[in-house]
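Asks:
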Ligand SMILES: Cc1cc2nc3c(=O)[nH]c(=O)nc-3n(C[C@H](O)[C@H](O)[C@H](O)COP(=O)(O)OP(=O)(O)OC[C@H]3O[C@@H](n4cnc5c(N)ncnc54)[C@H](O)[C@@H]3O)c2cc1C
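Numbering (UniProt numbering), first residue to last: 1 to 427.
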């Protein structure tokens, strides 16, 4: 294989930039790496700027992928700890507290990871052709680039995957979400929802296969941190917030009933969605009921239809080639376990090892890439199952009074065991 190899990565999200760093670190200068990102500027990609909770897998991946100087800056300047993720019952009594051992602002993380990396913005990937010598990569602006390897790190709607794995499918898990940003929320509600100053998120478990996540929003960036991507809506709603009041992000997730094969979904726009939310949370704490019935208005809902939760189905891969995939492009999962970003980083560093082995002639492409792809698909499916299990725990069935009491008691006991150090949540 020639020595001056070129690797093109489609997508400058968390997986793509981690991979670029890994190749720079381990490639011994034998290859150049270029990211092509469809967004126009660094700041437009920052709209996916929510906080990422880092688990052990994510921290290890970043340590392995980054050079010492960047890793030191990551740990000393970017990684934060100590925030609380509180799970409560319907009456907002705390059931379990998770202390976030490390989390990082996604925008700042990607900013650090992009330093020294060649990123071409405003370049929307369209298609590729592959031959024995390399890959030709075509963009929507009509331009074409030639490379030795092409990596699809282009997220859940991956266009690279569409061509590489035409049989790939996403599965609907029959859980939907409604997101709203509510202005002018009074202190009484805020104090009740965020009893401790360092509470980042409060998640309330209902008994009708439903949960609500609450997040406090002081600035536009906070709303983005909670996953609201529509900047125009954030600006419009935050303008209505009067001084001294707080904006609240809510993310309502529920599994609708299926009757005679028909999913009971609120179609017909925001008012219908809000009515469903109000109907199914009527037995929550009176202040939450008041918030949703009196303060929340249809125009506070971010989307005009519920968003389905989806996950990747296992898929048969063709023989290993010069085109491969990482992160959400191949391992998209429900957001419940919050580990998709960590997995994207792990996929990236492992692909970095595989590609640099091939580049340095340590292993032939067909053998090394086949082993790598098998491994990331198997690991990805395990993580997808884990996240799905969490989703099912929260949304599988309507609970009777006794079952709900039982669930809440188990969670309280688990919380005590966590406090006493008898059990540990893997981080
Ligand atoms: C609200 C929310 C909170 C989350 N919290 C966590 C968390 O705490 N921990 C965690 O581990 N995970 C979390 N996740 C999941 C995590 O964000 C994803 O798993 C992760 O971003 C996947 O990274 P990726 O690089 O594969 O894809 P992405 O981050 O989606 O990046 C894909 C990139 O490709 C670009 N792109 C797409 N199509 C094209 C094209 N045709 N041409 C060029 N560029 C293209 C996109 O613009 C984007 O920049 C969360 C997700 C959400 C929605």
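Idealized CB from N, CA, C, for every residue including glycine.
Computed from a prediction, not measured in an experiment: that's the story for all the values here.
Buried or exposed: residue 131, going by 16 or more other Cβ atoms within 10 Å of its Cβ?
Replies: With fewer than 16 other Cβ atoms within 10 Å, it is exposed.
Asks: Look at residue 298 and residue 278 and say whether their C-beta atoms are less than 8 Å apart.
Replies: Not closer than 8 Å, so no.
Asks: I need the straight-line Cα distance from residue 63 to residue 71, nearest angstrom please.
Replies: Using only the alpha carbons, I get a separation of about 6 Å.
Asks: Is it the case that the Cβ atoms of residue 81 and residue 100 are separated by a distance below 8 Å?
Replies: In this structure, residue 100 lies closer than 8 Å to residue 81 by Cβ.
Asks: By how many angstroms is the C-alpha of residue 417 removed from the C-alpha of residue 29?
Replies: Near 50 Å, if we compare the C-alpha coordinates of residue 417 and residue 29.
Asks: Can you have a look at residue 87 and say buried or exposed, based on whether 16 or more other CB atoms are within 10 angstroms of its CB?
Replies: Counting Cβ neighbours within 10 Å, residue 87 comes out buried, since at least 16 surround it.
Asks: Could you give the C-beta distance for residue 350 and residue 327, rounded to a whole number, given that I count them as a contact under 8 Å?
Replies: The Cβ separation is near 11 Å, so there is no contact.
Asks: Assuming residue 24 is part of the alpha helix (DSSP H), what are its boundary residues?
Replies: Segment 14-26, the alpha helix (DSSP H) holding residue 24.
Asks: Going straight from the alpha carbon of residue 54 to that of residue 104, what length do you get?
Replies: Each residue's Cα considered, the two are about 7 Å apart.
Asks: With DSSP as the reference, identify every bridge partner of residue 213, one or two as the case may be.
Replies: Note: residue 213 sits in a beta bridge opposite 203, 251.
Asks: Shortest alpha-carbon distance to residue 243 belongs to which of 361, 187, 359?
Replies: Checked all of 361, 187, 359; the closest Cα to residue 243 is 187.
Asks: Just curious, the beta strand (DSSP E) that residue 105 is in, first and last residue?
Replies: Per DSSP, residue 105 belongs to the beta strand (DSSP E) from 103-105.
Asks: DSSP three-state label for residue 156, please.
Replies: Residue state, collapsed to three classes: coil.
Asks: Suppose you measure from the CA of residue 7 to the CA of residue 337; what does that come to, to the nearest Å?
Replies: Whole-angstrom Cα-Cα distance: 32 Å.
Asks: Would you say the beta carbon of residue 342 is closer than 7 Å to some non-hydrogen atom of ligand 1?
Replies: It does: the Cβ of residue 342 is within 7 Å (strictly closer) of some heavy atom of ligand 1.
Asks: Please classify residue 233: does DSSP put it in a helix, a strand, or coil?
Replies: Three-state result, residue 233: helix.
Asks: Kindly identify the DSSP beta-bridge partner or partners of residue 80.
Replies: In the DSSP output, where bridge partners are listed per residue, residue 80 has 103.
Asks: Report the residue ranges of all alpha helix (DSSP H) runs contained in full by the stretch 244-324; include only those spanning at least 4 residues, in chain order.
Replies: List check, alpha helix (DSSP H) in window: 270-280, 286-290.
Asks: Exposed or buried, what is residue 286 when buried is set at 16 or more other beta-carbons lying within 10 Å of its beta-carbon?
Replies: So residue 286 ends up on the exposed side.
Asks: Quickly, what does DSSP pair residue 145 with across the bridge? List them, please.
Replies: Per DSSP, 137.
Asks: Just how far apart, CA to CA, sit residue 276 and residue 266?
Replies: Approximately 7 Å, taken between the alpha carbons.
Asks: Are there 16 or more other CB atoms within 10 angstroms of the CB of residue 373, so buried, or fewer, so exposed?
Replies: Its Cβ being crowded by 16 or more others within 10 Å, residue 373 is buried.
Asks: What residue ranges within the stretch 355-418 form continuous alpha helix (DSSP H) runs of no fewer than 4 residues, ordered along the chain?
Replies: With a minimum length of 4 residues, the continuous alpha helix (DSSP H) runs that stay inside the stretch 355-418 are 365-395.
Asks: Answer yes or no: the CB of residue 339 versus the heavy atoms of ligand 1, is any distance below 7 Å?
Replies: Residue 339: yes, Cβ under 7 Å from ligand 1.
Asks: Per DSSP, what kind of secondary structure is residue 10 in: helix, strand or coil?
Replies: Strand, per DSSP.
Asks: Taking the continuous alpha helix (DSSP H) assigned at residue 126, which residues delimit it?
Replies: First-last for residue 126: 125-131, but that is the beta strand (DSSP E), not the alpha helix (DSSP H).
Asks: Between which two residues does the alpha helix (DSSP H) holding residue 184 run?
Replies: Not the alpha helix (DSSP H): residue 184 falls in the beta strand (DSSP E), residues 170-185.
Asks: By how many angstroms is the C-alpha of residue 69 removed from the C-alpha of residue 263?
Replies: For residue 263 and residue 69, the distance between alpha carbons rounds to 52 Å.
Asks: On the CB-based measure, 16 or more other CB atoms within 10 Å of its CB, does residue 254 come out buried or exposed?
Replies: Buried: at least 16 other Cβ atoms inside 10 Å.
Asks: Using beta-carbon positions only, say whether residue 302 and residue 112 come within less than 8 Å of one another.
Replies: No, they are not a contact pair.
Asks: Compute the distance between the beta-carbons of residue 36 and residue 138, then report whether it is under 8 Å.
Replies: The answer is no: Cβ separation not under 8 Å.
Asks: Give me the DSSP bridge partner(s) of residue 167.
Replies: BP columns for residue 167 are empty, so no partner.
Asks: Run through DSSP, which three-state label would residue 36 get?
Replies: Residue 36 falls in the strand class under three-state DSSP.
Asks: Closer than 7 Å to a non-hydrogen atom of ligand 1 - does that hold for the CB of residue 394?
Replies: It does not: the Cβ of residue 394 is nowhere closer than 7 Å to a heavy atom of ligand 1.
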